[in-house]
Amino acid sequence: MNGKEFWIYLAILAGSTYLIRAIPFAAVQKKISNVYVRSFLYYIPYTVLSAMTFPAALYATGNVVSAAAGLGVGMVFAVMKKGLTVVALISCVTVFVTDLILKQGI
Amino acid sequence: MKQFLRGVRNGVPIGLGYLSVSFTFGIMAVSAGFSWWQAVLISMTTLTSAGQLAGINIMTVPGQYAEMLISQLTINIRYSFMSVSLSQLTTAEFKGIKRWLLGFFMTDEIFAVAACQREVSTKFFAGLAVMPYIGWTLGTLAGSLLGNVLPESVMNALCIAIYGMFVAIVAPDAKESRSLLAVVAVSVGLSCLFYYTPILKELSSGLAISVCAVVAALLGAFLFPVKEEASHER
Numbered sequence: 001m002n003g004k005e006f007w008i009y010l011a012i013l014a015g016s017t018y019l020i021r022a023i024p025f026a027a028v029q030k031k032i033s034n035v036y037v038r039s040f041l042y043y044i045p046y047t048v049l050s051a052m053t054f055p056a057a058l059y060a061t062g063n064v065v066s067a068a069a070g071l072g073v074g075m076v077f078a079v080m081k082k083g084l085t086v087v088a089l090i091s092c093v094t095v096f097v098t099d100l101i102l103k104q105g106i
Numbered sequence: 107m108k109q110f111l112r113g114v115r116n117g118v119p120i121g122l123g124y125l126s127v128s129f130t131f132g133i134m135a136v137s138a139g140f141s142w143w144q145a146v147l148i149s150m151t152t153l154t155s156a157g158q159l160a161g162i163n164i165m166t167v168p169g170q171y172a173e174m175l176i177s178q179l180t181i182n183i184r185y186s187f188m189s190v191s192l193s194q195l196t197t198a199e200f201k202g203i204k205r206w207l208l209g210f211f212m213t214d215e216i217f218a219v220a221a222c223q224r225e226v227s228t229k230f231f232a233g234l235a236v237m238p239y240i241g242w243t244l245g246t247l248a249g250s251l252l253g254n255v256l257p258e259s260v261m262n263a264l265c266i267a268i269y270g271m272f273v274a275i276v277a278p279d280a281k282e283s284r285s286l287l288a289v290v291a292v293s294v295g296l297s298c299l300f301y302y303t304p305i306l307k308e309l310s311s312g313l314a315i316s317v318c319a320v321v322a323a324l325l326g327a328f329l330f331p332v333k334e335e336a337s338h339e340r
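Each protein sequence line maps, in turn, to chains A and B.
At position 28 of the first sequence (counting the first as 1) the number is 28 in this note's numbering, and the numbers step up by one without a gap.
Positions in the second sequence are counted from 1; adding 106 to them yields this note's numbering.
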């Protein structure tokens, strides 16, 4: 990747990503009182995360079975309110062990 | 200081998850012809996953500036919704220049953790950004310099970490509220539709996520508007 071209591209990439985050954050200073807008903003984090997770997460580990196992076990611990780090680690361990079992053909 | 440290602690799982994702980005950037410092610089200035991946693919062909801008705007439009959403939870002192500076760190995961708080102070948000930023930078550095050093089985297992974290954020709250569960189900359903349907799956994943999230949240807002008290109890 040569010099000048790289810097122009980097400026567009970083600049547009920054502005799309910062402008709305800095612009909306007031508390929104409209109940529908408030509800929309309340639901947004959950809908973003669930759309990002399913179905993409099933293909994240290279094996649908181990990914599903990792998510399933993670969900059980999540419902038990075990916290972000614990659930994330348990999901990883589950995927690792499931892949191991699948490879060994037990 | 206490708020800042609480933020740092809350950012640890995000940082861990970012290590594995940015590690992969580092490997891909170098194999696409970038040098290690270019990969690291992209990560340090941009701090986004889907956008960076699309970005390096465009950068390999010279002169596609308009394509770069359009792809970034569509992939990243979701951040605008997150920024507006989080603007409702910030404490009174978190405004002006602080928002211009810290708005840079509005990633999916940092937003998600911040949005679960009762209120978000400048110090908490700044602390929350520390570990993810370090993880994203170091992961890119390691990936671009070392390449595939970790065994594939470990890399594969690490790839689920971010999603495990998402599940940990959504599942407990969805269990408590039927309307939230319904809204989440709609979002997942739409997301599957975009993922598997022939023409729809050509859409960039970032834009598809924005569409699913916005449609599901709009539906939720009209069918199950949240009362004042409920939206504070999260």
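A virtual CB, placed ideally from N, CA and C, is assigned to each residue, including glycine.
Contact check between the region 109-119 of chain B and the region 297-312 of chain B: fewer than three CB pairs, one atom from each, fall below 8 angstroms, which does not count as touching.
Relative to R284 of chain B, the option among B:P331, B:F217, B:I268 and B:I183 whose CA is nearest is B:P331. Counting every other CB atom within 10 Å of its CB across the protein chains shown gives K4 of chain A a total below 16, marking it as exposed.
DSSP, read as helix, strand or coil, puts T213 of chain B in coil. Around S311 of chain B, the same chain offers A156 as residues with beta carbons nearer than 7 angstroms, after the five sequence neighbours per side are excluded.
Counting C-beta pairs with one atom in each stretch, the region 93-103 of chain A and the region 279-296 of chain B have fewer than three that are closer than 8 angstroms, which means they do not touch. Distance between F40 of chain A and V321 of chain B, taken at the CA atoms: about 10 angstroms. Around the beta carbon of G132 of chain B, 16 or more other beta carbons lie within 10 angstroms, which makes this residue buried. Among the residues of chain B, those whose CB is under 9 angstroms from the CB of V35 of chain A are A327, P331, V332, K333 and E334, following chain order. Here V226 of chain B is bridged, per DSSP, to B:T196. Closest by C-alpha distance to L208 of chain B, out of A:Y18, A:T98 and A:A78, is A:Y18. CA-CA distance, T197 of chain B to V219 of chain B, rounds to 16 angstroms. Runs of the alpha helix (DSSP H) spanning 4 or more residues and lying entirely within the region 149-174 of chain B occur at 155-165, in chain order.
Under the DSSP assignment, I12 of chain A falls in the alpha helix (DSSP H) whose first and last residues are G3 to A27. Its chain contains R184, F187 and S293 as the residues whose beta carbon lies nearer than 8 angstroms to that of A319 of chain B, once the 5 sequence neighbours on both sides are disregarded; these appear in chain order.
The three-state secondary structure of T47 of chain A, taken from DSSP, is helix. Short of 8 angstroms from the beta carbon of Y59 of chain A, and not among the five residues preceding or following it, lie these beta carbons of its own chain, in chain order: A67. A Cβ of chain A is located within less than 7 angstroms of the beta carbon of S189 of chain B. A Cβ of chain A is located within less than 7 angstroms of the beta carbon of W206 of chain B.
The Cβ neighbour count for Q158 of chain B, taken over all protein chains shown within 10 Å, is at least 16; the residue is labelled buried. Against N182 of chain B, the close residues of chain A are S16, T17, I20 and R21, in the order they occur along the chain (beta-carbon pairs closer than 9 angstroms). Within chain B, the C-beta atoms nearer than 8 angstroms to that of V87 of chain A come from G270, M271, V273 and A274, in chain order. Sequence-distant partners of G70 of chain A (beyond 5 residues in either direction) whose C-beta falls short of 6 angstroms from its own C-beta, in its chain, are S91, T94 and V95.
Under the DSSP assignment, F272 of chain B falls in the alpha helix (DSSP H) whose first and last residues are A267 to E282. When C-beta distances to chain A are compared with 8 angstroms, the residues of the region 143-165 of chain B below that value are Q144, L147, I148, T151, T152, L153, T154, G157, Q158, G161, I164 and M165, in chain order.
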